[in-house]
Each structure stands twice: as structure tokens, then as C-alpha cells.
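Undergrad:
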Amino acid sequence: MKISEKDVEHVARLARLTLEPADLTIMTGQMDALLGYVEKLNELDTEGVEPMAHAVPMSNAFRDDEMKPPIGIERALQNAPAAAAGCFKVPKIIE
Amino acid sequence: MNSRYEVVIGLEVHVQLTTKTKIFCGCSTGFGQSPNSQTCPVCLGLPGALPVLNRQVVDDAIKAGLATNCQIAPDSIFARKNYFYPDLPKGYQISQFELPICEHGWLDIETEGSGKKRLGITRIHMEEDAGKLLHNEDNSSSVDLNRACTPLLEVVSEPDMRSSEEAIAYLKQLHQIVVYLGICDGNLEEGSFRCDANVSIRPWGQKELGTRSELKNLNSFRYIKQAIEYEVERQIDVIDAGEKVVQETRLFDPDAGVSRSMRGKEEAHDYRYFPDPDLLPLQVSADWVEQVRSSLPELSAAKLQRYQDEMGLPVYDAGVISADRQLAEYFEALVEQYNQPKICSNWVMGEVLGALKEKNLTIDQCPVSPELLAGILQRIDDNTISGKIAKTVFEEIWQNGKTADQVIEEKGLKQVTDTGEIEAIVAAVIAANPGQVAEYRAGKEKLMGFFVGQVMQASKGKANPGMANALLKKKLTEM
Amino acid sequence: MKFHDLTIQEIRQKLRSGVLTSVELTQACLARIKATDDRLNAFITVCEEEALAAAAVADQQLAAGDTGLLTGIPVAVKDIFNTLDIRTTCGSKILANYVSPYDATVVAKLRQQGAVIVGKLNMDEFAMGSSSENSAAGVVRNPWDTERVPGGSSGGSAAAVAAGQVVATLGTDTGGSVRQPASHCGVVGLKPTYGRVSRYGVVAYASSLDQVGPVAGNVEDCALMLGVVAGYDPADSTSVDCPVPDYLENLKDGVAGKKIGLPKEYFIAGLDPDIKRAVEAAIETYRQLGAEIVEVSLPHTDYSVACYYLIAMAEASSNLARYDGVRFGLRKDIGKGLTGMYQQTRTAGFGDEVKRRIMLGTYALSSGYYDAYYLKAQKVRTLIRHDFLAVFEQVDLLLTPVAPTPAFKIGEMVNDPLQMYLSDIFTVPINLAGTCGLSLPCGLSAGGLPIGLQLIGKPFAEADILQAAYAFEQATDWNARVPKL
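Residue numbers (our numbering), protein chains in the order written: chain W, 1 to 95; chain D, 1001 to 1479; chain E, 2001 to 2485.
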């Protein structure tokens, strides 16, 4: 096994997902199979190979420090599940 | 200093930059606008929106790096720091992790406790700020994303400080530098310069560091000092009680003067940093660095030295004037027009700062420009007015913005240097004060001051004091 | 009305000459959608009112002599593109009611050229899938056989063109999501070089791989559509600032003297015999057209699926963090605090495939595993890119199958994600290498299902593969075959 149910639960917490016990078992099995499959990359010696983060080798894309009009409060909040006084509302953050 | 434990402090400072727009979008960075009025798809983290780096942020980061003796990395990258929080719209913060733009810098500080000392700067990196959370009465929180995506530099020091005094000296110097560079407004209360402190203690002589706690929410130099000192005492108590210091984040409460653990309320973080595929690698050429270097203002430490070495100012004057970039610029403009630095520093520190303080203004709001002030000093030099009248002229100019010559002319403040005129006044003063004359002649020479005063009063301050003095002496002796 | 036998240029001619109005054409499209989409489910949103209004405006513009490349032409876009004031769901429950406040750059470009946008096309949720079965809006069906999938993730984009619902569409291709459904539906689909087309406003799946691509009924239309959407966009840091050629200009130049490479790793045992036969016939056609055919090798092909899924899932896990129920989209909150809201929202809002990829991606980036999975995959990606760059030193373009099998039956692969992923073997390497590829019809299976041919070009050499595709299309009649629906 490449991954245990306990690992999968931890990953689910990081990803803010919950898995019912039955789903946890299925997910663990599928993740295990996929992680087993991707093991094949270890057949390759990548010593000294540069990792590739971008499809096209480029650098330095900038914008000038110039103001653009904002979209406006109404537009900003138009899809908000809950809003009040121009703000998005969320359940209280327990401190 | 504690006799048993050595204190070890490292600081992480978030410097909010004064760019017009946010780091990855064209929204304004202005403070105090209505919630969410300064937002767009990018800083709201809407689906499909993409970041584009503000070039000014890179310039500012290079400036900060050069001013703190860092190496500027030819290649650096932006990374995503992944975590969920309502003030973080995308579910990740764009920051730098591996390959920050500046590394390996230092600052020299001087404190009473430890003298001169060099403190290391590990790195400076660019990142976006989060939004603001407001906690409501009704068991909810409100999210305002105006501040989201505003540019920050995070300046991370080495754990080189050994007392709160050193920490404050470091912070004050860093603060002065970023304000001097014009890249930060330096406002601690509005959060433009925020500090987290990592504090640990260890028995003297021990090499490895003790377990540290991270102090957050330190928004004034005073609180930082208090929080560090409180934390040191707390850790000593913990160890003395036979317990172990736990690594944790603590929130300082300035009202109570204590810090509280946030332990248990935050899960173990796994930020899953990886290079942001939406942003290209940043390459800073040597030419770019040189271009920025040549645009750097002379920093306060250099001015402090130059004012003493080249202008002959006392260390106190040099310190006061070099501490504030705009004050220093005012002073330098004044010296440019009136090349007697010590007289200039006297006026700047005396009349100018005094009047500003009284009116609660800053130097950039000073109604008497360096040119106008130089005009006053020149008139003292050529005996047109006395030093005392000059103060009156200064006040007049403050009010109406006219030149020294205009004020002197209009108010008739020109010094009386006509010997005949002064002689007449001297004669009148002598005639009016026979008693004092007799005493003077009997040897009470201190009374000369009284006679000069009388002459000045009679001339409404316009008599040349030197001439009045000489004529009085002559007359009184001749009698 | 059917568009299969008319190119966009021919329709434009009719519109400009007044033989046909855009309103009539748009009405015909809407009628066709009404008549067929209950069987296909290619559309998530049809915006009849907006489309007819846009068509009326287009007619005025045409009357005034407007020369927009798409003025009055009804098109549709995958529901992954942000469209101002039109719902954008990305095939997900979590965005079921999301109305975007802005247009994606490519949508704005379509509008600038006068296109009439009739609706938003169905897709695998967040573009994650190869079958268009993973949509909150339901399964898309293949117009050639409604028991079968149209391919994915841009299944709606391919099915709509194949069924004659619209003239052309836009899809996105992260690992084959334009080319594979184009192949399964018997239409032309192109994945441009990474950076050729702006990603601004395209809901992100895997940012270093995603690219916008056109789907059309013929090569010429595909070339025209690419010309409309291609080009540098200052709002997308990864878009490339290099001039966009006129893709129609040299379209008919033929392939005589061109060197076409056949990567031997793409002609393997297990390739469906019908596909093998069709692709071999296509090779013969090219030989006859004067191309030189040579065998080449892309030695790291076998590692591309593993490499692709690790990178795509890792990026996706981060890209999909913004669906948190705070600012937009679904929110489920049963009073268990903030973390509870996050978990309930995301658990209820995402489908199984999306969750699986978020989970794997999160794991691949997590502390202790980053080097072994994500970093390793990025290094292998470099090797794969170098394979292509080396081969393009020898040949002008590559010819391969698009998919190992024709369209499979709905539900056939649902329970075996790995098997589904493996079917992307011929398309994902192109995304990893960042270069361009195109799928065009080259035959039918014994069961009457379309088979696609993939042409792969050098970076930014879309014109080359369009030219080669056009030559093949003219030499054969596969493109004239349409599904009976």
C-alpha cells in the first residue's frame, strides 16, 4: 500500500473535503492504484534534469503601476452567498 | 540582561509598499475606502482571473535589498502558499519561497547595551497581502478584500538579536530605511509596517537555539518591546518551573500587556508551496540592479556621517536632521543657498521644527521654504536685520509667504546703522537713567546690558546691537 | 439548415450579400439545438434572447458593410469560459448559479469579430475527464451513437459542431480535451501552442497545461477561429508576445516536400485495429501528396500519462481552492463553523472525479511527498519536451492517432479511473511539451464511429499542421461524413 486510510483522511482535511467511511475506502483504493502507477517515473534517472514549471521558457511579464477601474461593489458581491454592508459574510472564525 | 539565559530574537517584518496599484492587478491600494470598492476579478480570486506582476514592486524590492546590503538574485520565482482562510480569496497566497529576490543582507545597529553590532538579514521576498476580517456581533465575520493583493515585502532577519533593545534598534533602522527609500509610508498603526518576533532563550554558552515562540500583532515599537520582554520572562518562568517551552504562535494583547497562546486553535500547517504556474520566473539583470542603485537616495546613515565629516555638524544635530528624509532634504536645500551648516541646523532644529510642532505640521507642509529661510539668514549676515528681528521676519513669512526683503521693507524692520540716529537714542537713554549711569561709572559694568536693552527698546529692536554697544561704551566712558 | 457543407467564409458571403440574415441563421441554430439537444445534452445554457439580439445587431452591421471575421456567425463556447452576465458553471454544482462579472479575453475577441454566442457547452466538471460524463449538467452523448460518449472534456464543444447545432465552438485542451472529443465526434479540433491563446477568463484546471482551442466542421473554419482568438494578452502573463500569422493565407500550400515523422511509440500493440488501419491509410495519403514519411522516436512517451496526471492534479488542487463558499458559488453551512462550511461546501459542490484529482494533487504537493511526486514529474516533463524538440530537428510535423480506441460506451470506464487516464496517452505529451496538435477525421470504425488523426507541430507552427490537415481533408472525403441524428 502506498497510502493508508489515515493518510487519505489527513489529505482530505488539508483539501477541506470530508469522506464518508465507504467513500474513504474507495478513495484510498483509487489513490493507491494511481500512486502505484506513477511510481513508474522512478524508472527514469532525472539527476541533473531541470524541473519544468512552464510550458514555454519565458521570463519577466510585467504591468506598469497604473490604476484600472475596479468592478464596483455591486459586481464584486453579485455572486456572494451571504453579504452585508458591502462585505462578504462568513460564519464566525472561532479564535 | 539575565544572568542565566541568553535571549535570542529574530524578526519578520511585513513592509506594505506605496505603489499606486496592487501587486497583481490594477486596483488602487488606497487606505480607508468603502469595503470591496477596490476590487476586480483578480483580487477577488474569481474563476479564470490571472495575476500580472506590477514592475514597481520589483523595483521597490531591489531598492530595499540594496539598502540592506542584500544580494539581488538574478533568478527568482513566485510560489503559491496554500491554505484556507476567508481573507485569502484564492485559497493560496502568492509569495516567494525558494529563490526569493533578496538574500544575505545586514544592518549595523548601535545600542547603549551592546554598542555597535551587525545583524544579518536572511531574505527579503515579495508577496500579496490578505484582505481584512471584521468580527460582527451576530456570530459572523465580514470580509473586505480592498487590502487583498496589496504588495508586501517580507524582511526576515537572522536570529541575531540578544535583547529587546537590539530588536527595537533594528526595527527603527529598517523602518527609517524603507521610509527613506519612499517605498513604505511607515505607518505602524495602519499596518504598513508589521512585525512578528521569534523569541527563544537558552542557557549561556549553549549552541543550539531554544524552542521559540512567534509573537504576532505587534503594531508599535513600544508593544514590540513589551511583548518581547514579557515573553522572555514567561519562558524563564516556564523553564524554572521545570517545564518545556512549546513552539507556538502567541498573540500580544497590548491592553493587558500579556500574550496569549493561539496553540490548539490552528492545525498543523502544510502550505504545499509550489511555483505559481500563472507567473513567469523573474530575471533581474545586473543592468537593472545598477539602474535601481543609481536611483537610490542617500540613506540616513550616510547623511549622518557626511553632516559631521563634511559640514562639521555636531553628532546631535546630524542625528536629528538625518533621521527624516524630508527634513534632511530641507536642510540640504537650505545649506545649498546659505552655506553655513551650523547656523542652518540651528534654525532648522529651532525655529522650523518648533513652529511645525506648534502647528502640528510636517516638514513637507512648512510654509517657509528653504529659499525663503536662506533669504532671512542672508539679511542677518549683511546686518540688515538682527538675529532677534529675524525671528519676527520668520513668523511673518510663515503667515504670508513673502520674501525676507519684502517683509523687512513693508514692516520697516531694517536695522538702524546710521551712527547719528543711534547716537541720539543713546544720548536720550543716558539722560533718562542718571542713577544707572552713576552706578555704571562706579564700576558696575554689568549694567551695559541694561543700557543696550533700553536702546533696542527705544529703537523698536532695529538699532544694530553692536553699534549701540560701542556707542554706549564710548559715551559712558567719555562722561 | 445544415452547415456541414458550408464554410464560415461561405456563410459570411451569404450574409454579406443579403441572401441570408444572421437572425435567420441564428434562429435555425436555435431550432436545431431544440430539435437535437434533448438527445445530446451538448448545451448547459442556451441564451436565445441574447443570441437573437446579437444577431439583429450583426445584421445591422452587415448592412453597414461590417467586415468582422465572424459577424453574424452563431458560435458557442465551452462553459469554462467566463461570459459577462451569462451563467458560467464549468459543469459543476459548485458554480451552478455563478454569473460572471466579466468576459474571458477569447469571448471578448469573438464578440469583437461580431460572433453571435448562442450558449455555453457541456463538459466534464472543471475539464476533468475524457468522456464528458462528469458533468453536474448530465452526460453528453455522441451524435454518431447516443449510447456512446463524445469524448471529453470538451464533449459539448465537439458534439455541437458534429450535430450542426452551431458553426464552430471553443473548447479547452489540458491533456487532449479538444482533440480527443473532436476525434470521437468526427470534427476538427486544434490545441494551440501553450501561450498562443490567452487563458484570461478561462476557469483554470491545470494552469501550465491549459490552452484554448477551436472546434469546427472543417480545417478552414478551424484556422479562421484560431486567427480570431490567438494573440498576446497583457492580462495573461504566460501568453506569448509573438505575431499571429494569417492562418488562411498559406492554408492551401500542400505538403509536398514536407517531412512527416511517425513516432514509433504511438504505434503500439493494443491500438484498436480500425484506428490502426485508418491512420495507416492516412499515412499513405500523405505519401501520395508528396510528403516524406520517416519513423522517429519519442522515447519518454510511456511516462507521459503519469507525468501529466501528477502535474495536472497538483495544479488543480491549488486552482480549486478558491471554491470555498465565501465570495461566490455554492455554500453549505449547517452551523459547524468556518471549517465546517468549507468542508460541507466543497464536499457537496464537487463531483467524484474532481475530488479524486484534488486529493491526489494535494497529496503530491504535501510535505514529504513534493520531491517524490511533483518535482519528479516536472523533471520528467523536461525530458518529454526535449523528446519533441529533438524530433522537430528532423521532421516538420508528426502524425499519430488521437485515441487508442473510438468512442466508448457511456458508463463503460466510470469505475476505472486509471484505465480512463491511460486512454489519454497520445494527447497528453503534446500539452506537456507545450506544443500544438490538431485532430481531424480520417476514417470510420467498423461500427461506424469516427476516427481522428493527430498532427503535431513545432511550437507556434499551427500554420504547418493546418496546412497539412487541409491537404488531407481535400484529398479525402472523411470530413463530408456527418452523423444521422
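Beta carbons are placed, not taken as given, at the ideal position from N, Cα and C, and that holds for glycine.
Using 8 Å for Cβ pairs, my map puts E:L2398 next to E:I2334. What's the rounded Cβ distance?
TA: About 54 Å; that fails the 8 Å criterion.
Undergrad: Within the 8 Å Cβ cut-off, does W:E66 reach chain D?
TA: Interface residue, yes.
Undergrad: With contact counted as at least three CB pairs below 8 Å, one residue from each stretch, are the stretch 1039-1053 of chain D and the stretch 42-57 of chain W in contact?
TA: No, the stretch 1039-1053 of chain D does not touch the stretch 42-57 of chain W.
Undergrad: Consider the C-beta atom of E:S2439 and the heavy atoms of the ligand COA; say whether any pair is separated by less than 7 Å.
TA: You won't find the ligand COA in this model; it holds no ligand whatsoever.
Undergrad: Can the beta-carbon of E:F2426 be found less than 8 Å from the beta-carbon of E:P2459?
TA: No, the Cβ-Cβ distance between E:F2426 and E:P2459 is not below 8 Å.
Undergrad: Could you give the distance in angstroms between the alpha-carbon of D:Q1033 and the alpha-carbon of D:A1130?
TA: Roughly 16 Å separates the two Cα atoms.
Undergrad: Helix, strand or coil for E:A2051? Go by DSSP, reduced to three states.
TA: Helix.
Undergrad: Pick out whichever of E:E2315, E:V2188 and E:N2218 has its Cα sitting closest to the Cα of E:I2008.
TA: The shortest C-alpha separation from E:I2008 is found at E:N2218.
Undergrad: D:K1020 CB to nearest chain E CB: under 8 Å?
TA: Judged by the 8 Å Cβ criterion, D:K1020 is not in contact with chain E.
Undergrad: Can you list, in chain order, the residues of its chain whose CB lies under 7 Å from that of E:L2289, leaving out five sequence neighbours each side?
TA: Once the five neighbours on either side are set aside, the close Cβ partners of E:L2289 are G2254, V2255, A2256, A2471 and A2475.
Undergrad: How would you label E:P2483, buried or exposed, when you count the other beta carbons within 10 angstroms and need 16 or more for buried?
TA: When all chains shown are included, E:P2483 counts as buried.
Undergrad: With a threshold of 16 other CB atoms inside 10 Å of the CB of E:R2141, please say whether the residue is buried or exposed.
TA: Its Cβ being crowded by 16 or more others within 10 Å, E:R2141 is buried.
Undergrad: Which residues, taken in chain order from the stretch 1055-1081 of chain D, show a beta carbon closer than 7 Å to some beta carbon of chain W?
TA: Within the stretch 1055-1081 of chain D, the residues whose Cβ lies closer than 7 Å to some Cβ of chain W are R1055 and Q1056, listed in chain order.
Undergrad: Using the beta-carbon of each residue, which ones in chain W are nearer than 8 Å to E:S2130?
TA: Those do not exist, as E:S2130 stays about 15 Å from chain W at its closest Cβ, beyond 8 Å.
Undergrad: Relative to the C-alpha of E:P2234, which residue among D:G1312, D:S1140 and D:L1280 is closest?
TA: The candidate whose alpha carbon is nearest that of E:P2234 is D:L1280.
Undergrad: Of the residues that make up the stretch 2079-2101 of chain E, which ones have a beta carbon closer than 9 Å to any beta carbon in chain D?
TA: Within the stretch 2079-2101 of chain E, the residues whose Cβ lies closer than 9 Å to some Cβ of chain D are I2080, F2081, N2082, T2088, C2090, L2095, Y2098, S2100 and P2101, listed in chain order.
Undergrad: Which residue wins for smallest C-alpha separation from E:Q2211, given the options E:D2085, E:T2172, E:C2242 and E:V2187?
TA: When each option's Cα is compared against that of E:Q2211, the closest is E:T2172.
Undergrad: Under 6 Å Cβ to Cβ from E:T2146, same chain only, skipping five residues before and after it: list those, please.
TA: R2039, listed in sequence order.
Undergrad: Does the Cβ of E:N1957 have 16 or more other Cβ atoms within 10 Å, making it buried, or fewer, making it exposed?
TA: Nothing in the structure corresponds to residue 1957 of chain E, since chain E is present only between 2001 and 2485.
Undergrad: Given a threshold of 16 other Cβ atoms within 10 Å of its Cβ, counted over all protein chains shown, does D:R1260 qualify as buried or as exposed?
TA: It counts as exposed.
Undergrad: Can you give the Cα-Cα distance for D:R1379 and D:E1395, rounded to whole angstroms?
TA: Near 15 Å, if we compare the C-alpha coordinates of D:E1395 and D:R1379.
Undergrad: On the three-state DSSP scale, how would you describe E:Y2342?
TA: Three-state DSSP puts E:Y2342 in a helix.
Undergrad: For the beta strand (DSSP E) containing E:N2431, list its first residue and its last residue.
TA: No beta strand (DSSP E) holds E:N2431; the alpha helix (DSSP H) holding it covers V2428 to A2433.
Undergrad: Hey, how far is the Cα of D:Q1308 from the Cα of D:A1328?
TA: Near 13 Å, if we compare the C-alpha coordinates of D:A1328 and D:Q1308.
Undergrad: In the DSSP assignment, the beta strand (DSSP E) including E:P2417 goes from what residue to what residue?
TA: Taken as a continuous stretch (DSSP letters only), E:P2417 belongs to no beta strand (DSSP E), being part of the alpha helix (DSSP H) at P2417 to L2422.
Undergrad: If I'm right that E:V2414 touches E:Y2308 with Cβ under 8 Å, what's the distance once you round it to whole angstroms?
TA: With 8 Å as the limit, E:V2414 and E:Y2308 do not qualify as a contact, their Cβ atoms being about 20 Å apart.
Undergrad: Could you compute how far the alpha carbon of E:W2478 sits from the alpha carbon of E:K2258?
TA: If you take the alpha carbons of E:W2478 and E:K2258, they lie about 22 Å apart.
Undergrad: In chain W, what lies closer than 7 Å to E:T2105 by C-beta?
TA: Within 7 Å Cβ-Cβ: nothing; E:T2105 doesn't reach chain W, min ~15 Å.
Undergrad: Considering only residues of the same chain and omitting the five flanking positions on each side of E:Q2419, which have a CB-CB separation below 6 Å?
TA: Counting only Cβ-Cβ distances below 6 Å, and skipping sequence neighbours, we find M2413.
Undergrad: Using a Cβ-Cβ cut-off of less than 9 Å, list which residues of the stretch 1089-1113 of chain D approach chain E; keep chain order.
TA: Cβ contacts with chain E: P1089, K1090, G1091 and Y1092.
Undergrad: The alpha helix (DSSP H) that contains D:G1435, what's its start and end?
TA: Element bounds for D:G1435: P1434 to R1441.
Undergrad: Given a limit of 8 Å on CB to CB distance, which residues of the stretch 2234-2249 of chain E reach chain D?
TA: Result list: P2234, A2235, D2236, S2237 and T2238.
Undergrad: On a Cα-Cα basis, can you pick out the residue from D:G1387, D:T1029, D:E1336 and D:A1241 that is closest to D:G1350?
TA: Residue D:G1387 is the option with its Cα nearest to D:G1350.
Undergrad: Closest to E:K2078 by CA distance: which of E:V2203, E:A2306 and E:Y2194 is it?
TA: Comparing Cα-Cα distances from E:K2078 to each of E:V2203, E:A2306 and E:Y2194, the minimum goes to E:V2203.
Undergrad: When you compare each of D:Q1326, D:G1242, D:A1061 and D:K1117 to D:I1289 by their alpha carbons, which one comes out closest?
TA: Rather than Ile, the amino acid found at residue 1289 of chain D in this sequence is Val. Nearest option by C-alpha distance: D:A1061.
Undergrad: Can you tell me which of the three DSSP states D:F1252 falls into?
TA: Reduced to three states, the DSSP call for D:F1252 is strand.
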